[in-house]
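Visitor:
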Amino acid sequence: TAAAAATPKNCIRSNEVAMIAHIEGILSDKDAESVVIDAGGVSAGVVATASNVNVANLTVQNAVGYDNGTDLLGAGITLAKNGSVIRNCIVRGSVNNHAGMSKKSLGGGVYLSGSAIFDSIVSNCTASGSTSAATDQCGGGVYVGADAGGSVISNCLIASCACTDSANRYACGGGVYGANGASVLLVDSRISGNMASAKGGGVYFFTTKSAAVSRCELSENILDPNNTSSLNKFGAALATESASVTIRGCR
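And the structure:
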């Protein structure tokens, strides 16, 4: 089993993540840690392949990528169809690594497609791999795929996640990755202490259909200092390529 990437410098540690989340009111009175799914590093956490599925009030940890036959999707929680919702959950300590496979790692913690995540924490998760294509390891915290109806990330904390590759040059979207054809609304959330090898230490949008970031805090996100290439490295907080992004009221 591949080891998780080193924790980025100046990141928020997992115990601090829980403390901050409770202080900021991200978790409701119904504690998400009352139900814990520990995948033990051998399987994915929660996988929903149908539409209109609700996942709520639980913690998923130590999970690995879900193999759908083509790619490896979100290790902690995968919502593969439109209309599904994650609410009041914690996803932590999970790794999606396609090394040795001809597949992509899409979402170290969560994979969304036309779905939403509300009032949740994604921390210490990694998407990684060994190939030299920028689209092969994406979204250390949350990966948002192409969809028909749009995806929402609201009132969430995404912290201490990483997206890496063996060459230290190609992985993008340490916290959040918006994919080709996706519609993404990121609102009232904190994206902090995440790292990407190449682009978008906090957030990365790649040819998204539409993207908006509103009332969010992006702090202490970095690009891998071991990547010395100036041609393939930009946007420690947020990066876009061929995407129109609206940003309002952020800091």
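Using our numbering, you'd call the opening residue of the sequence shown number 132 and step up by one each time.
Idealized CB from N, CA, C, for every residue including glycine.
Of all the options T359, Y301, T339, M326, which has the alpha carbon lying nearest to the alpha carbon of T371?
Guide: Within the sequence shown, the letter at position 240 stands for residue 371. The candidate whose alpha carbon is nearest that of T371 is T339.
Visitor: Would you say V86 and V283 are within 9 angstroms of each other, going by their C-beta atoms?
Guide: Outside the shown range of the chain (132 to 382) lies residue 86, about which nothing can therefore be said.
Visitor: Considering only DSSP beta bridges, list what L243 is partnered with.
Guide: The count along the sequence shown starts at 1 and reaches residue 243 at position 112. According to DSSP, L243 bridges with L210, V275.
Visitor: Out of I221, S259, S341, which has the shortest C-alpha to C-alpha gap to G196?
Guide: The residue you call residue 196 lines up with position 65 of the sequence shown. Selected option, being the one with the closest Cα: S259.
Visitor: May I have the straight-line CA-CA distance separating S165 from Q192, to the nearest angstrom?
Guide: In the sequence shown, the residue the question calls residue 165 occupies position 34. In the sequence shown, the residue the question calls residue 192 occupies position 61. Answer to the nearest angstrom: the Cα atoms are 13 angstroms apart.
Visitor: Fully enclosed by the segment 269-341, which beta strand (DSSP E) runs are 3 residues long or longer?
Guide: Fully enclosed beta strand (DSSP E) runs of 3 or longer: 273-275, 282-285, 288-290, 293-296, 307-309, 314-318, 321-323, 334-337.
Visitor: Alpha carbon to alpha carbon, how far is A368 from M326? Give it in angstroms, no decimals.
Guide: Counted from its first residue, the sequence shown places residue 326 at position 195. Counted from its first residue, the sequence shown places residue 368 at position 237. In a straight line, the C-alpha of M326 is about 9 angstroms away from that of A368.
Visitor: Hey, could you find the ends of the beta strand (DSSP E) V173 is sitting in?
Guide: Taking the first residue of the sequence shown as position 1, residue 173 is located at position 42. Unbroken run through V173: none, as it is neither H nor E.
Visitor: In the DSSP assignment, find the unbroken beta strand (DSSP E) run with L349 in it and report its ends.
Guide: Position 218 of the sequence shown holds residue 349. Residues 348-350.
Visitor: What's the gap between the Cα of N358 and the Cα of N352?
Guide: Stepping through the sequence shown from its first residue, residue 358 is reached at position 227. Stepping through the sequence shown from its first residue, residue 352 is reached at position 221. Approximately 15 angstroms between the Cα atoms of the pair.
Visitor: Where does A163 fall in DSSP's three states?
Guide: In the sequence shown, residue 163 corresponds to position 32, counting from 1. In this structure, A163 counts as helix in the three-state DSSP scheme.
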